[in-house]
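Step one of this worksheet: look at the structure below.
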Amino acid sequence: MNLLLCGVNHKTAPVALREKLACLIPEVAHAYGHLKSWPEVSESLLYTTCNRVEVICVSQAPDEAAARVREFFGRHPEIAPGDLNESFYVHRDRDAVQHFFRVAASLDSMVVGEPQILGQVKQAYREATEHHATGPILNRLVHKAFSVAKRVRGETGIGDHAVSVSYAAVAMAKKIFGDLAGKNVLLLGAGEMAELALEHLKGQGAGRITVANRTLERGVALARRFQGEAVSLEELPEQLLTADILISSTGAGDFLITRDQVKGVMRRRKQRPLFLIDIAVPRDLDPAINDLDNVYLFNIDDLNEVVEINYQRRRHEATKAERLVAAETLKFLHWLETLEVYPTIIAMKDKAEAICRAELKKTLNQLGPLTPEQNQALEVLTASVTQKLLHDPIIFLKRNRRPRNPHQELDLVRRLFNLDQDRGGETTEKD
Amino acid sequence: MNSLFLSLTLLAYFGATGLWLAYFLAQREGYYRAGAWVMAGGLACHTLALIQRAWVAGALPAATFGEALLLFAWALAAAFLVLIWRYPIKILGALVAPLAALMVSGALILPARQGAVSPLLQGFWLYVHICLTLTGYAALALAGLGGVLYLIQERQIKRKRFGFFHRRLPSLSQLDNLNYWCLTTGFPLLTGGIISGSLFAQHTQGRFFSWDPKEILTLIAWLIYAVLLHERLTVGWRGRRAALLAICGFLVLVCTFVGANLWLTGYHSFARFLQQP
Chain A
2 MNLLLCGVNH
12 KTAPVALREK
22 LACLIPEVAH
32 AYGHLKSWPE
42 VSESLLYTTC
52 NRVEVICVSQ
62 APDEAAARVR
72 EFFGRHPEIA
82 PGDLNESFYV
92 HRDRDAVQHF
102 FRVAASLDSM
112 VVGEPQILGQ
122 VKQAYREATE
132 HHATGPILNR
142 LVHKAFSVAK
152 RVRGETGIGD
162 HAVSVSYAAV
172 AMAKKIFGDL
182 AGKNVLLLGA
192 GEMAELALEH
202 LKGQGAGRIT
212 VANRTLERGV
222 ALARRFQGEA
232 VSLEELPEQL
242 LTADILISST
252 GAGDFLITRD
262 QVKGVMRRRK
272 QRPLFLIDIA
282 VPRDLDPAIN
292 DLDNVYLFNI
302 DDLNEVVEIN
312 YQRRRHEATK
322 AERLVAAETL
332 KFLHWLETLE
342 VYPTIIAMKD
352 KAEAICRAEL
362 KKTLNQLGPL
372 TPEQNQALEV
382 LTASVTQKLL
392 HDPIIFLKRN
402 RRPRNPHQEL
412 DLVRRLFNLD
422 QDRGGETTEK
432 D
Chain B
699 MNSLFLSLTL
709 LAYFGATGLW
719 LAYFLAQREG
729 YYRAGAWVMA
739 GGLACHTLAL
749 IQRAWVAGAL
759 PAATFGEALL
769 LFAWALAAAF
779 LVLIWRYPIK
789 ILGALVAPLA
799 ALMVSGALIL
809 PARQGAVSPL
819 LQGFWLYVHI
829 CLTLTGYAAL
839 ALAGLGGVLY
849 LIQERQIKRK
859 RFGFFHRRLP
869 SLSQLDNLNY
879 WCLTTGFPLL
889 TGGIISGSLF
899 AQHTQGRFFS
909 WDPKEILTLI
919 AWLIYAVLLH
929 ERLTVGWRGR
939 RAALLAICGF
949 LVLVCTFVGA
959 NLWLTGYHSF
969 ARFLQQP
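Quick mapping for you: the protein sequence lines, in order, are chains A and B. Position one of the first sequence corresponds to residue 2 (the numbering used here), numbered consecutively onward. Position one of the second sequence corresponds to residue 699 (the numbering used here), numbered consecutively onward.
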C-alpha cells in the first residue's frame, strides 16, 4: 500500500499551465469518474487552488498510478506533452504525507501563512467524500492535516504579521495612535489598495470617513459604501484639520499637499498626530512633510518594506512550523506501518481458528456424547491456548515500531506461520 | 533585621529587572506579570525597612545621600506600580526596576550615618517637604524615562526602521499620554515640595530662598516643567518636544539630587545635615 501525491504547483509550473489544469477539474464528478475507474487507485483526493493542482491517492502500484495521473493531466487539449515534463512532481509515502501537511498548514503557499488554503482543502475533501473517493487512509490523513494546520496556526506566529500593503498601513496606524477607535479617515482619490485599507480601518473601529475625489460622483459612490461623506478636492485644507489618517492615491503628478500646508494645519490642529499614507505613484504628498513633528508620512515603498520584513518574520516562524509538520508526518507514517501488519494478524488469527475448529471436531468425535458444559469448556480451552500462543507474535508485529526492514520481518512472520501457502494467493493480494 | 529587609528588597528589584528584561525580549505576558508581583514584594520589604529605620532613628531617615536614595527608590517603585496598575505601559518596567535596584545598591554601599540628625532637620513641614519632593521626582522621572522610549519609537517610525525596538515598544500615543499623566501628577507635587520647603526655611532660618545650588537647580527644573505643562495645555505641545523637555527636566533633577550633594556645597547638601560629633 503506497501513498502517492502528484501534481503541479506555483513553484514548478507557470500560471498559464496551472490555469489550464485547473480547468480540467471544474467538473469534479468527471475527474473522480476517471480516478475511480483506475484499478491501481483505491482512494483519491483532488484539489485545485490558484497555485496548485494536486492529486493524492492510495495505490498498490504507485508507478502505474502516477503515470495514469500524468496522462490524465496531459489529456487537456491545450497542454503539449512536453509541458508537464519539468513541472509534474510525484511524491511517495513520507514525502507525500509531508507535502500534504505543508499544503494544509499553508507552508507551501505563495504567501506563507495565508489562511484560505485550509478552506480550499476542506472544500475539496467534502467533494471527494460526496463522490466516495476517499477511504480509511485518506480520511485519516486529511483529518490529521486539519489538526496539523490548526496547531501550526496556534503555536507559531505564522499568520501574525501583516503581509499586504493595506494591512501594513493599519498596523502602522496602531503603532502611532494605539487605538484606532474614533479616528477620522480621509481618502484622497480611490483605488483598490486604498479601499482595502479603508475596510481594515473600518474593521478596527475608525470614526468618520470622508472621501475627496476629483470626480464627485465616484467619491459619492465610495462614500456611500463606507457610510462616509464625499467632499470636493477644494475642501482639502479644511478636511486636514479634522482627519487623523489620510490615504492618498490619486497619482496626479504634482504634490497635492505641501510641507508648508501641513505645517500650518498642525498648528491649528494643536499638534494632534497625523498619519499620511501616500500609495500613489507618482507621489501625491511632499516627502518633506515627514520632517514635521507629529506627522508621519509613509509612501508605497515604506509600506512594501514593512511587508518584506513581515515576510521574513513569517519565514522565520515557518521553520518552527516545519519541525511540527515533520514530527506529525512521522506519527502518521507509523500509523500507516501498523496498518500494513493488520492483514497478517488477521490471517494468523484465521488460521488459528481454523485449526482449533478442525481439531475440536476430531476430538469431539472420539470422545462421544458430552454435556453442553463440557463441550463449551473444551472450546474455551482451545481458544485460549491459541490466543495465548499468538499473543506475543501479534505484539511483536504491532510494537515493532521502526524495524530496519519492516517488509522482511513481515515476510518472515508470514513464512513462519505459513500463511501464504495455506491460503493460496488470497492474502498476498491483501498485503 | 534592617539589612535583611533591604537585601530582600534588592533581590526582588534585581529579580523584577531580570523578568521585565525577559518580557522585553520574549514578549511573554507571564514574565511581565511575574515581574510585577516580584516588584510589589520588593516594595513591601522596602517599606518595612524604611519603617524600621524611622523607628530606630526616631525621624524620617533622609539625612544622608544614601538614605535619600533609599527613599527616592521607594517612591519610584511605588509610583511605577501605581502607574502600571492604572495605565499598563509594561515596557517601562525594564527601565524602572534596574534604576530602583541600582539606587538601593547605592544606598547600601554608601557609608551609614554617623551621629544623630540635627534637630533643625526634624519637624512636620520638613517631612512634608521631603515626601512631596521625592514623590514629585518619582513621577517626573517616569515622564523622563517614558520620554526616552518615545524618542526611540518615534525615530524608528520616522526613519522607517521596523526592527527590534519598533515591535516591542508601545504606540506613540500611549507614550505621549504617559508624559501627560506623569507631568500633571509630578508637577503639582514638586510645586508643593518647593513651597513647603521654603516655608520651612522661613520658619527655621528666616528666609524663603537662600540661593543655594540645590534650590537654584530645582527652580530651573520647575521652570522647565512649568513651560512644558503650559505649552501642552495651551498650544498642544506633544510628542517629540514634550519628550525632550521631560528628559531635560529629569536630567536637571538628577543634577539637583546627585550633583548638588556630591560636588557642590550649600546648606542643602547632606554633608551639612549631621551634627558634628
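Where is the CB? At the ideal position from N, CA and C, for every residue including glycine. Only a predicted model underlies this, so the values are computations on that prediction, with no experimental measurement involved.
Per the DSSP secondary-structure output, Ser110 (chain A) pairs with nothing in a beta bridge.
With 16 or more neighbouring CB atoms inside 10 Å of its own CB, His201 (chain A) falls in the buried class. Under the 8 Å Cβ criterion, the stretch 747-767 of chain B does not count as touching the stretch 856-874 of chain B, having fewer than three qualifying pairs. Here DSSP, grouped into helix, strand and coil, assigns Leu926 (chain B) to helix.
Scanning chain A for C-beta atoms nearer than 9 Å to the C-beta of Leu870 (chain B) yields Lys176, Ile177, Phe178, Gly179, Pro274, Asn295, Tyr297, reported in chain order. Chain-ordered, the chain B residues with CB closer than 8 Å to the CB of Ile310 (chain A) read Phe860, Gly861. With 16 or more other Cβ atoms inside 10 Å of its own Cβ, Arg284 (chain A) counts as buried. If you look at Asn291 (chain A), you'll find it isn't in any alpha helix (DSSP H); DSSP assigns it neither H nor E.
The Cβ-Cβ distance between Lys151 (chain A) and Asp245 (chain A) does not fall below 8 Å.
Listed along chain A are Arg268, Lys271, Gln272, each with a C-beta nearer than 9 Å to that of Val933 (chain B).
Taking a Cβ-Cβ threshold of 8 Å, the residues of chain A close to Ile855 (chain B) are Met173, Lys176, Ile177, Tyr297, in chain order. Close to Gly845 (chain B), with beta-carbon spacing below 7 Å, lies no residue of chain A; the smallest spacing is near 14 Å. Here Thr211 (chain A) really is in contact with Gly229 (chain A); their C-beta atoms are around 6 Å apart, less than 8 Å. Tyr835 (chain B) is positioned such that its CB atom lies no closer than 8 Å to that of Ala941 (chain B). Here Ala771 (chain B) is actually not in contact with Met737 (chain B); their C-beta atoms are around 12 Å apart, not less than 8 Å.
In its chain, beyond the 5 residues on either side, Leu4, Leu5, Leu6, Ile57 have a beta carbon closer than 8 Å to the beta carbon of Ala97 (chain A). Taking 8 Å as the CB threshold, Gly937 (chain B) lines the interface with chain A.
In the DSSP annotation of this structure, Ala761 (chain B) is not part of any alpha helix (DSSP H), being labelled neither H nor E. Close to chain B, meaning a Cβ-Cβ distance shorter than 8 Å, is no residue of the stretch 336-359 of chain A at all. Cβ-Cβ distances below 8 Å link Asp292 (chain A) to Arg260 in the same chain, with the five nearest sequence neighbours on each side left out; the list follows chain order. Per the Cβ contact rule, the stretch 107-126 of chain A is in contact with the stretch 150-165 of chain A (3 or more Cβ pairs under 8 Å). Residue-level contact check: Val307 (chain A) touches chain B, since one or more beta carbons of chain B fall below 8 Å from its beta carbon. When A:Ala66, A:Ile258, A:Ala174, A:Glu55 are compared, the shortest CA-CA separation from Pro40 (chain A) is found for A:Ala66. For Asp285 (chain A), there is no enclosing alpha helix (DSSP H), as DSSP marks it with neither H nor E. With 16 or more neighbouring CB atoms inside 10 Å of its own CB, Lys788 (chain B) falls in the buried class.
If you compare the alpha carbons of B:Leu767, B:Arg905, B:Phe822 with that of Ala799 (chain B), the shortest gap goes to B:Leu767. Three or more beta-carbon pairs drawn from the stretch 701-711 of chain B and the stretch 738-749 of chain B are found closer than 8 Å, and the two stretches are therefore classed as touching. Taking each of B:Leu824, B:Ile918, B:Gly728, B:Ser803 in turn and checking the Cα distance to Val952 (chain B), the smallest one comes out for B:Ile918.
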